[in-house]
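The structure appears right after this line, and notes come after that.
2 protein chains.
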Amino acid sequence: MDMAKASIAKGMRDFTSFEVLRREYIISVIRNVFESFGYGPLETPSMENLETLTGKYGDEGDKLIFRVLKSGDFLKSVPENLERNASTWSSLISDKALRYDLTVPFARFLANNRNDIKLPFKRFQIQPVWRADRPQKGRFREFYQCDADVVGSNSLWQEVELMQMYARVFDALLLPVKIRISSRRILADMAEFCGVGDRFMAFCIILDKVDKVGVEEVVRQWVELGVPTEKAQQLIDIIALRGEPAVEALKALGATGNGLEEVSWVIEKFSKFNSDSVLEFDPSLARGLDYYTGCIFEVEALNSSFGSLGGGGRYADLTGIFGLKDVPGVGISFGLDRIFLALEEADLFPDSIQDAPDVLGVQLSEDSAETVFRVVSQLRENCVIAEFYPDAVKLKKQLDYAHQRGIRYVVIIGENELANNTLQLKDMKEGEQFEIDMEDFMENPINYLDLN
Amino acid sequence: MDMAKASIAKGMRDFTSFEVLRREYIISVIRNVFESFGYGPLETPSMENLETLTGKYGDEGDKLIFRVLKSGDFLKSVPENLERNASTWSSLISDKALRYDLTVPFARFLANNRNDIKLPFKRFQIQPVWRADRPQKGRFREFYQCDADVVGSNSLWQEVELMQMYARVFDALLLPVKIRISSRRILADMAEFCGVGDRFMAFCIILDKVDKVGVEEVVRQWVELGVPTEKAQQLIDIIALRGEPAVEALKALGATGNGLEEVSWVIEKFSKFNSDSVLEFDPSLARGLDYYTGCIFEVEALNSSFGSLGGGGRYADLTGIFGLKDVPGVGISFGLDRIFLALEEADLFPDSIQDAPDVLGVQLSEDSAETVFRVVSQLRENCVIAEFYPDAVKLKKQLDYAHQRGIRYVVIIGENELANNTLQLKDMKEGEQFEIDMEDFMENPINYLDLN
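Sequence order for the protein chains is P and R.
If you use the working numbering, the first sequence corresponds to residues 1347 to 1798, in order.
If you use the working numbering, the second sequence corresponds to residues 1347 to 1798, in order.
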């Protein structure tokens, strides 16, 4: 056996307790907000039937789906002499795949359970997804998505509610953000104005890249798409505006759909319930996903280089592909990995996130081990995280362990302490050590510990 | 597109909020105990390189590993004219697989991070695993494992600690259990006594099935393995004993290893810290996994038909296969699905697990919507789970929704209430309705609600 090969798979990560606890802190903040708004948790399986997933993400997306090989003699399903073509073969030897996002499985769940679900239906889902993307800095093949969606209502109050949820989460994380909002209907007006209403998605896809490629390149590509140069230039100037001036400029251009009205309504209502105006109309926002049909949103960290921390939008018909018609919805998503990096950069993880025990009970001898174990047990009863060093090795080794693990207190019981019915409490941080009466300590250990 | 095909994959499950919250209740109890003992969370990726997983679970296990197809043109790796053989092919067209358990990934993690890890190292891991088993009642292809292991110490205090963790968890769940304990060393003595010490694993595997096949069949198979009939009969009588009588009988048989001593020591120490003797020596215990070398454990629900709720044992060398030598360990595992069923059967899930909001704010008109939204927002600020009905449909429809969702209170604001600056609070459970001054309610809504 080649032992050197025992390495982690490409694009995958291990999370140590340090990382798990910090990730869980973010998740718990998001979750608490989801729950306080009446959203309930849903979990769908990691694997879906292949036909549930394919054809939903465009050709590029389909290529990134991880397919699972059939069990047993999978070659049975392949006709002899079948031409060698990966895509033909893969659909014969694989019938399941790992989920690529949480939206399509949610739609499949809704379609499967249409008779049991009361609309409006609010769910959140926090689970990993998998993409066979080329791994690079900050991009992994397995990562978590944190989504909240509500289906079954066209009311714009849902948009207001979701924006409030964004605001609450980033407030709780102490991370200053701006929420950008626009609408696919406004983009449709723009495309119409440019005479390319029939090439709407292409028009949006070009705009969506403005942050990366710059305004000149967007103008160039729009013109290539058939937009008159003058109109492209006119629009690109508006794209630079924000808020009310952007609304006015688009009105002057002759935006006739109700996209502007809707976005203004959401911003107005939101502002009534949130004093700081973190929600702003941004006509440069496009969002890539082609199932959005109404409002679209994106969250950005202020004073940070992490780009989008989340996004979402309204879709007119999520479940139609699975035969359940006329179920509109709107949802938001949080980017866990980017939020992690942004909190780390701004040093915003609370000190109370602790991945070391509070106390270590060390062993000096077989005789005292049982007494130390009893003390450690009592500490746990008092909700103190306590560890028992299992071997009677040299005290220095045990203290080194406590130090390296970042354990604050060590309980030491030697022959003297056994005889006097006391214990030594060593404070590793302050470098002090106290002899404490065993009975007093056991009665209320918290009194003697300075914990978070 | 064939829409009827949008079904869940075979052996997979969706979990609704009702189920997720109950599963999370169990997980949180287990987790709290793990953490209070100083075990830290570890997460490893869902996918491992194929060679990390294969060859670790025996031929039967290897067949159940879900393999993931390579991306892109996977057929490139297959020589033209290669004979059609599924196992040859699968190792060419697949280089990753879904984890089959949490133990091998943990060993891989330890080997990868040998320089950063301080021993003894305690980790817990609560994540899904996948097995291409034939789905049947209670057996799924994706399920959670909840494992705690400590590596780097031979001390039997670890066994005591792990047994205490079992006791604490099932105590907290209010589920009465018995923990069975034995040792592979005792089984080795038995095999030696029977003259089949060289066929030790086969001897254990036969015994392991005693609950399913009965004692007569075990005797038959032992004899077939080469055990003299008389000795098999002698042993099967001892297998029926428990606790001290079993120890005495095995001693009388000439058990010479220190397995009996170790198990007795663990039981004695455990009993000092746990008044109710839920830990009992059971010589019929064998446990299937062949890497166990010392103590082995299994938890059973009393008065229940759910069999094992968890198990574990000591292994002399977990990481040797990955080139990290001399790292002994011991671990326990909880069977989440079975614990769920046992709690459900005994009706032991706490009432406080709630998957409905406390309050629904309904809409009578555009006018009052904003006021209701404000009330709902205030409720959330006060940690009351509150939902806002997004559409101004008929009141009856909104009340029906509240009823079906199991929502306790409904806030109603009509023209009169707007004029009087009051609100109607309808108690759906008691069928009562009160008019409350808006200011009073907003100041302290909890006063008016009877919540869990």
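All C-beta atoms in this analysis are idealised placements derived from N, C-alpha and C, irrespective of residue type, glycine included.
- According to DSSP, Val1523 (chain R) shares a beta bridge with R:Ala1647.
- Each of R:Arg1720, R:Met1393 and R:Trp1611 was checked against the Cα of Phe1486 (chain P), and the nearest Cα belongs to R:Met1393.
- Closer than 8 Å at the C-beta level to chain R, one finds these residues of the segment 1387-1406 of chain P: Pro1387, Leu1388, Glu1389, Thr1390, Pro1391, Ser1392, Met1393, Glu1394, Asn1395, Glu1397, Thr1398 and Gly1401.
- Under a criterion of Cβ atoms nearer than 7 Å, the residues of chain R adjacent to Pro1466 (chain P) are, in order, Pro1736.
- Bridge partners of Ile1678 (chain R) according to DSSP: R:Ala1494 and R:Gly1658.
- Counting every other CB atom within 10 Å of its CB across the protein chains shown gives Gln1779 (chain P) a total below 16, marking it as exposed.
- Taking C-beta atoms as the reference points, Val1730 (chain P) and Val1705 (chain P) count as a pair closer than 8 Å.
- The DSSP assignment places complete alpha helix (DSSP H) segments of no fewer than 4 residues inside the segment 1388-1415 of chain P at 1396-1399 and 1404-1409, in order along the chain.
- For the segment 1353-1365 of chain P, residues whose beta-carbon sits nearer than 9 Å to a beta-carbon of chain R comprise Ser1353, Ile1354, Ala1355, Lys1356, Gly1357, Met1358, Arg1359, Asp1360, Phe1361, Thr1362, Ser1363, Phe1364 and Glu1365.
- Residues of chain R with a Cβ closer than 8 Å to the Cβ of Val1414 (chain P) are, in chain order, Phe1412, Arg1413, Val1414, Leu1415 and Leu1444.
- Judged by beta-carbon spacing, Leu1655 (chain R) lies within the 8 Å limit of Arg1684 (chain R), meaning their Cβ atoms are closer than that value.
- Counting along the chain, Ala1592 (chain P) sits inside the alpha helix (DSSP H) bounded by residues Gly1589 to Leu1599.
- For Tyr1490 (chain R), there are no C-beta contacts with chain P under 7 Å, since the nearest C-beta of that chain is about 10 Å from it.
- Judged by beta-carbon spacing, Lys1464 (chain R) lies within the 8 Å limit of Arg1751 (chain P), meaning their Cβ atoms are closer than that value.
- Residues of the segment 1424-1458 of chain R whose Cβ lies closer than 7 Å to any Cβ of chain P, in chain order: Arg1430, Ala1432, Trp1435, Ser1436, Ser1440, Lys1442, Arg1454, Phe1455, Ala1457 and Asn1458.
- Taking a beta-carbon distance threshold of 8 Å, Ile1372 (chain P) does not count as an interface residue toward chain R.
- Here Met1511 (chain R) is near Val1379 (chain R), since their CB atoms are less than 8 Å apart.
- Fully contained in the segment 1596-1638 of chain R are the following beta strand (DSSP E) runs of length 3 or more, in chain order: 1625-1627.
- Any Cβ of chain R closer than 8 Å to the Cβ of Phe1668 (chain P) would place that residue at the interface, and such an atom is present.
- The shortest CA-to-CA distance from Gly1634 (chain R) to any of R:Lys1615, R:Met1547, R:Ile1582 and R:Leu1771 is the one to R:Met1547.
- Contact annotation: Val1757 (chain R) and Leu1769 (chain R) have beta-carbon atoms nearer than 8 Å.
- Among the residues of the segment 1715-1728 of chain P, those with a Cβ less than 8 Å away from any Cβ of chain R are Ala1715, Glu1716, Phe1719, Arg1720, Ser1723 and Arg1726, in the order of the chain.
- Looking at the DSSP output, Val1705 (chain P) sits in a beta bridge with P:Ala1732 and P:Tyr1755.
- Under the Cβ distance rule, Ile1731 (chain R) counts among the residues neighbouring chain P, one pair being separated by less than 8 Å.
- Ranked by Cα distance from Ala1355 (chain R), the options P:Asn1395, P:Ile1354, P:Arg1369 and P:Ile1372 are led by P:Asn1395.
- For the segment 1744-1767 of chain P, the set of positions with a beta-carbon nearer than 9 Å to some beta-carbon of chain R reads Asp1746, Tyr1747, Gln1750, Arg1751 and Ile1753 in chain order.
- Where Ser1433 (chain R) is concerned, the enclosing alpha helix (DSSP H) starts and stops at Ala1432 to Ile1439.
- Between Leu1448 (chain R) and Gln1504 (chain R), the gap from beta carbon to beta carbon reaches 8 Å or more.
- Residue burial is scored here from C-beta neighbours: Lys1416 (chain R) has at least 16 other C-beta atoms within 10 angstroms and is therefore classed as buried.
- Buried is the label assigned to Lys1615 (chain P), since at least 16 other Cβ atoms lie within 10 Å of its Cβ.
- The beta-carbon separation of Ala1601 (chain P) and Leu1533 (chain P), rounded to 10 Å, does not stay under the 8 Å limit for a contact.
- Residues of the segment 1555-1584 of chain R with a C-beta atom less than 7 Å from some C-beta of chain P do not occur.
- Short of 6 Å from the beta carbon of Gly1675 (chain R), and not among the five residues preceding or following it, lie these beta carbons of its own chain, in chain order: Asp1495, Val1497, Tyr1661 and Leu1664.
- With fewer than 16 other Cβ atoms inside 10 Å of its own Cβ, Ile1699 (chain R) counts as exposed.
- Proximity of Ser1501 (chain P) to chain R, defined by a Cβ-Cβ separation below 8 Å, is satisfied.
- When secondary structure is reduced to three states using DSSP, Val1424 (chain R) falls in the coil class, being assigned neither helix nor strand.
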